[in-house]
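Q: Protein chains in written order, with this note's numbering: chain L, 1 to 84; chain E, 1001 to 1084; chain F, 2001 to 2144; chain B, 3001 to 3144.
Ideal placement from N, C-alpha and C gives every residue a C-beta, glycine not left out.
Since we're looking at a predicted model, the values are computed, not measured.
The structure follows.
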Amino acid sequence: MKVKVKYFAVLHEELDRDEEDMDLPEGATVRVILDRLEAEWPEIAEYYDVMQTSVNWEYATPDSELSDGDEVAFIPPVTGGQDV
Amino acid sequence: MKVKVKYFAVLHEELDRDEEDMDLPEGATVRVILDRLEAEWPEIAEYYDVMQTSVNWEYATPDSELSDGDEVAFIPPVTGGQDV
Amino acid sequence: MFKITSEEIELGDVIRAVEAGDAGAIVHFLGVVRNNTEGREVSYLEYEAYPPMAEKKMAEIAEEIHEKWGLDRVAMIHRVGRLEIGEVSVAVAVASPHRKEAFEACHYAMNRLKQIVPIWKREVWADGEEEWVKPDPVFFQSKA
Amino acid sequence: MFKITSEEIELGDVIRAVEAGDAGAIVHFLGVVRNNTEGREVSYLEYEAYPPMAEKKMAEIAEEIHEKWGLDRVAMIHRVGRLEIGEVSVAVAVASPHRKEAFEACHYAMNRLKQIVPIWKREVWADGEEEWVKPDPVFFQSKA
């Protein structure tokens, strides 16, 4: 199956792309994508504690199971709550 | 001595004037003015519980002593706190 | 800026007065003439003020805000005369480096404005009757 | 109206979206680009968003406000791209028959917007350095 993966902010910058299509085995979870990204750019692991995941515009978890055509996004920390 | 007296809202309407100059004896208090107004329009007494007084743009009381040139105002209830 | 005006209030009036390089948050309150009061249809409103005292009291509210939150950028404007449904009767803006203080201070300014600033509202209803609005309980004070 | 835009935000944008005949109170929040962050001089900011999810989350915040205060008139707009000092990055307006609810709901909307709407800010400082801003603690969440 094929999913679209989107990268923002620091991930966009470090991975040097803002989205891509990814072929995944049936039943793959978000974690499968993270493992691939970690193989490419190991420092992504440092962001796991502060990064959110979304599937089809809804917050999800690394354990969320994916379906063909899903849109997955990795959402690094959003604008701080303190300022403004 | 002479003071300026100002009337707003319902007082303005009922007394049919928005301000006037008044001659008062030395040492007169705000109450002297209220007594004169009550002689002219007895219903003013019904407003005493909800009416404020000011002298020279500062809240005062009926016991406040006046000086020549003072500006006295009677301030019926201000726009309710509930609406808007 | 602390002002009683008979002119229409423009959206930018109070905002412009509080903008500053270090103000990341601006909270802006607009009071708008409603088409009804407790279900009774309003035709229009008339506001009357005691301008010099009203502007002095607005400035005092800004001083209170300075003492409570350390904020210096507060602006208030209230319109007088006849106002139609949908027109802005009052605008208050508070700017602050952070939003929490701006929300608190702007809300406080409006509450205090209703309490201590001498402005009166007469409601003229669609059925032709009219009356000065009822008192805020804070104002109940005996002559004696 | 729940919108991510690359255009300049005009003062009337969110106000117009919430005006209604029975709305006596409008609380309007503006986030403005500050000239400094904790004392360090800012040159300009860049905002990036995930627009469809951001607009969906904004609409969810409006639903939360409907549930909490029974208010239906909420509008939010956030700008993306390069913003200069003094420009408006975000505007939120809430209209209500009474001011207390409007203040509370608008403050709530801004807090939630910072928590759940996917928008990122990069600060570019006057000394030439730049970085994505630090996380809101609410977002700390383990992969495991």
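1. Enumerated in chain order, which unbroken segments of the beta strand (DSSP E) with a length of 3 residues or greater are wholly contained in the region 3022-3048 of chain B?
2. Relative to the C-alpha of Ile2077(F), which candidate in Gly2070(F), Leu2071(F), Glu2084(F) and Ala2062(F) has its C-alpha closest?
3. I'd like to know if Ile2061(F) contacts chain B, where contact means its C-beta is closer than 8 Å to some C-beta of that chain.
4. State the DSSP-derived secondary structure class of Asp18(L), mapped to helix, strand or coil.
5. In terms of residue numbering, what span does the alpha helix (DSSP H) encompassing Glu3010(B) cover?
6. The beta strand (DSSP E) that contains Tyr7(L), what's its start and end?
7. Establish whether the CB of Trp2125(F) and some CB of chain E are separated by less than 8 Å.
8. Which residues of the region 47-59 of chain L have a Cβ closer than 7 Å to any Cβ of chain B? Give them in chain order.
9. Between Leu2083(F) and chain B, is the shortest Cβ-Cβ distance under 8 Å, so that the two count as touching?
10. Rounded to whole angstroms, what is the Cα-Cα separation between Asn3035(B) and Ile75(L)?
11. Apart from the five residues just before and just after Glu1026(E), which ones in its own chain have a Cβ nearer than 7 Å to its Cβ?
12. By alpha-carbon positions, which one of Ala9(L), Glu20(L), Ala73(L) and Val32(L) ends up nearest to Tyr59(L)?
13. Of the residues Val3094(B), Lys3100(B) and Lys3056(B), which one's Cα is nearest the Cα of Pro3118(B)?
14. Check for me: the alpha helix (DSSP H) holding His3098(B) runs from which residue to which?
15. Is Pro1077(E) a contact residue of the ligand GTP, with contact defined as CB to any heavy atom under 7 Å?
16. Could you confirm whether any beta carbon from chain D is found closer than 8 Å to the beta carbon of Met2058(F)?
17. Along chain F, in chain order, which residues have C-beta atoms closer than 7 Å to that of Asp3022(B)?
18. Please name the residue or residues paired with Glu3130(B) in a DSSP beta bridge.
19. Flag this pair as touching only if the region 2004-2016 of chain F and the region 3082-3089 of chain B have three or more C-beta atom pairs under 8 Å; answer yes or no.
20. Taking Cβ positions only, does Pro3135(B) come closer than 8 Å to chain F?
A: So, to answer that:
1. 3025-3032
2. Ala2062(F)
3. no
4. coil
5. It is not in any alpha helix (DSSP H) - Glu3010(B) carries neither H nor E in the DSSP assignment.
6. Lys2 to Tyr7
7. no
8. Tyr48, Asp49, Val50, Gln52, Ser54 and Trp57
9. no
10. 27 Å
11. Met1001
12. Ala73(L)
13. Lys3056(B)
14. Segment: none, His3098(B) is in no alpha helix (DSSP H) and carries neither H nor E.
15. You won't find the ligand GTP in this model; it holds no ligand whatsoever.
16. Here the protein chains are L, E, F and B, and chain D is not one of them.
17. Arg2034, Asn2035 and Asn2036
18. Val3124(B)
19. no
20. Caution applies to Pro3135(B), whose pLDDT of 47 falls short of 50 and renders its modelled position unreliable; the value that the coordinates give is listed next. Judged by the 8 Å Cβ criterion, Pro3135(B) is not in contact with chain F.
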